[in-house]
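Everything below concerns the one structure shown next.
In the numbering used here, the protein residues as written are 12 to 333.
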């Protein structure tokens with residue numbers, strides 16, 4: 012043997028043995044080659060665990076599918092949704108009608124409360140009588156402070172304030188027609204305290220105070236014989252200067268005085284305020300709105316509606332004449 016000399020023998024690489032691996036489809040693809048049965052005592056835990064997991068997965072998926080089928084079957088159909096919407100609409104309309112009814116009731120109650128709130132509180136009967144008497148007394152004092160005054164109606168606005176006194180004195184002298192009286196003493200003379208009326212409207216009244224009450228009373232006695240007096244182309248009317256309360260009361264009792272005039276029943280006004288009638292020995296008097304029904308019944312007159320003049324124009328409550 013020589014060092015470094017290679018062997019001349021033809022040595023070949025051994026062939027690798029091919030292992031045949033059987034798959035799960037071999038039974039279907041190669042049915043002619045029977046597969047060896049496993050030994051009776053052989054045990055392969057991995058394959059049995061996989062089979063058990065697959066079996067459990069299949070067994071678990073069956074109830075899930077059944078549950079899904081039941082859930083799909085339980086879903087509402089179009090008819091169910093339509094019926095549900097109809098029920099909802101009916102219940103909603105019912106509740107809406109109830110709400111509207113409650114709102115209407117609240118509106119009615121609110122209106123009644125507002126009307127009641129606009130009225131002053133009703134006084135007890137005793138205080139109401141006392142209040143009425145106090146009003147009559149105050150009205151009497153007001154009229155006493157005006158007892159010297161005369162109210163002239165019809166004097167045009169063209170007469171200036173400086174000429175009012177001269178014009179009124181001339182008119183009074185014309186009415187008295189007494190040569191012995193050459194002058195009418197006046198403490199003051201002015202127009203009614205309100206804005207100047209527009210063109211074409213009636214002029215404001217003229218109020219003057221006659222110093223002598225005797226002369227004033229004589230002047231009013233003569234003036235009552237005629238409604239209008241023509242003085243210097245002016246048609247004038249003369250009235251007592253009465254308080255607003257007295258004027259409101261007389262205006263409120265106008266339906267009663269119209270009945271009396273229609274039946275030719277004489278009546279008179281008194282102070283403190285009253286309306287008095289004496290007929291066939293029967294006396295009837297109105298001092299307050301509550302006296303109107305008894306007054307009409309005593310004189311056999313038909314009932315009429317009379318507003319409460321004691322309210323002073325600020326109350327909406329009618330007179331308690333029942």
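Even for Gly, the Cβ is constructed at its ideal location relative to N, Cα and C.
- Counting along the chain, residue 185 sits inside the alpha helix (DSSP H) bounded by residues 175-187.
- Within its own chain, the residues whose Cβ lies closer than 8 Å to the Cβ of residue 314, once the five positions on either side in sequence are excluded, are 304, 307, listed in chain order.
- The alpha helix (DSSP H) runs of length 4 or more contained entirely in the stretch 261-302 are, from start to end of the chain, 265-273.
- Counting only the Cα atoms, residue 282 lies some 30 Å from residue 192.
- Per DSSP, the unbroken alpha helix (DSSP H) holding residue 226 starts and ends at 224-234.
- In the DSSP assignment, residue 164 is bridged to 248.
- Between residue 253 and residue 217, the gap from beta carbon to beta carbon reaches 7 Å or more.
- Going by C-alpha positions, residue 157 is about 59 Å away from residue 112.
- If you look at residue 91, you'll find it in the alpha helix (DSSP H) that goes 89-129.
- A Cβ-Cβ separation of about 12 Å leaves residue 215 out of contact with residue 209 under the 8 Å criterion.
- When DSSP reads this structure, residue 217 sits in a beta bridge with 163, 202.
- Judged by beta-carbon spacing, residue 200 lies beyond the 7 Å limit of residue 230, meaning their Cβ atoms are not closer than that value.
- Just measuring C-alpha positions, the residue of 178, 219, 268 sitting nearest residue 198 is 219.
- Take the alpha-carbon of residue 278 and the one of residue 161: they are about 23 Å apart.
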